[in-house]
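Going by the numbering used here, the letters in the sequence shown line up with residues 113 to 359, in that order. Every residue, glycine too, gets a C-beta built ideally from N, C-alpha and C. Worksheet: one structure, shown below.
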Amino acid sequence: MKDNLLEFRHNIPSTNKLLSEMARNSLAGSDVVPPFFALYTDFQSEGHGMGSNKWFSEKGKNLLVSFYFEPGIPAAEQFVFNQYFAVTTRRFISQFVDGVSIKWPNDIYVAGKKLAGDLTEHTLAGSKIKFTIAGIGINLNQEWFPEEIPHPTSLFLETGKSFDCHQFLKAYHEFLVRDFERIFTDRKTLHEEYLTHLYQMKELRRYIIAGQEQQATIQGIDKFGRLQLEVGSGQLVTCGFKEIVFL
């Protein structure tokens, strides 16, 4: 993949915010942002995940990148893109370490520890997605994490090997570009692969669901990407992102 699709910026607030601004300027007639463009940095002062979650990363240790896509699919089908991004990322990371899973909706776990988290933001035009910014932080070389971060890990901690961020990004970018067509041509197996590697799938675990702690078993996801669980009574409940906490 040509390096002109990969742009490095030193020490910026947020790759997602900056790339989103670049994309909107592109729509207004400024410099065009091409599909599969990637913006990455060595440090984010305002890095964050879904909701109010913060993303901690030591300067220069990890991959902090946002990708620009133009899926052109209906807004109601946006979780198809999220599945593609999670599945492709999981498969790429599995080249380096075993036991990689997808923690709903968008984190990458290794043996029960968080290795990566993504923040996918769709911009709509009418009923379709105009463009998508998919940002991700992948812990590559970090050895220490703050105590308040639950169960973190890095590829270095898992493998004992150091990784070059730029070379890692180049190979990862090629994976994403190669598999992008699965959104249109391979949705069934994409969905199956997502469920096959879903963290805690079919396992009886404890969660806080709608403010109440209870045992439940993940059964799958609906067409909108909401998590479906069977609670102790045998009832099937459907949860959005803010309606469930993993314990």
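Alpha-carbon spacing of residue i relative to residue j, whole angstroms
i, j, result
"residue 340", "residue 143", "43 Å"
"residue 328", "residue 120", "43 Å"
"residue 115", "residue 285", "10 Å"
"residue 205", "residue 258", "23 Å"
"residue 189", "residue 335", "8 Å"
"residue 224", "residue 138", "40 Å"
"residue 153", "residue 253", "15 Å"
"residue 313", "residue 337", "14 Å"
"residue 249", "residue 238", "30 Å"
"residue 158", "residue 346", "42 Å"
"residue 309", "residue 213", "5 Å"
"residue 332", "residue 304", "10 Å"
"residue 298", "residue 261", "36 Å"
Reduced DSSP secondary structure (H/G/I, E/B, other) of residue i
i, result
"residue 163", "Bear in mind that a pLDDT of 48 at residue 163, under 50, signals an unreliable position, so the number given afterwards is only what the model happens to contain. Residue state, collapsed to three classes: coil."
"residue 170", "coil"
"residue 334", "coil"
"residue 298", "coil"
"residue 417", "The structure shown does not extend to residue 417, since the chain is modelled only from 113 to 359, so the question has no answer here."
"residue 240", "strand"
"residue 265", "coil"
"residue 120", "strand"
"residue 135", "helix"
"residue 282", "helix"
"residue 252", "coil"
"residue 343", "strand"
"residue 274", "coil"
"residue 349", "strand"
"residue 355", "helix"
"residue 113", "Per-residue confidence for residue 113 stands at a pLDDT of 45, beneath the threshold of 50, marking its modelled position as unreliable; the derived number appears in the next sentence. In the structure shown, residue 113 sits in coil (DSSP, three-state: anything other than H, G, I, E or B)."
"residue 180", "strand"
"residue 210", "coil"
"residue 312", "coil"
"residue 185", "coil"
"residue 219", "strand"
Assigned exposure category for residue i - 16 Cβ within 10 Å defines buried
i, result
"residue 330", "buried"
"residue 210", "exposed"
"residue 202", "buried"
"residue 222", "buried"
"residue 216", "buried"
"residue 126", "buried"
"residue 348", "exposed"
"residue 357", "exposed"
"residue 273", "exposed"
"residue 243", "buried"
CB of residue i within 8 Å of CB of residue j, strictly
i, j, result
"residue 175", "residue 277", "yes"
"residue 155", "residue 171", "yes"
"residue 194", "residue 232", "yes"
"residue 135", "residue 196", "no"
"residue 183", "residue 220", "no"
"residue 295", "residue 177", "no"
"residue 198", "residue 306", "yes"
"residue 245", "residue 132", "yes"
"residue 281", "residue 251", "no"
"residue 344", "residue 324", "no"
"residue 342", "residue 321", "no"
"residue 271", "residue 353", "no"
"residue 200", "residue 291", "yes"
Residue i CB to nearest heavy atom of the ligand MG below 7 Å
i, result
"residue 341", "Ligands displayed in this structure: none; no statement on the ligand MG is therefore possible."
Any C-beta of chain C under 8 Å from that of residue i
i, result
"residue 338", "The structure shown has no chain C; it contains just one protein chain."
Touch check for the region 314–328 and the region 144–152: three-plus C-beta pairs under 8 Å?
no
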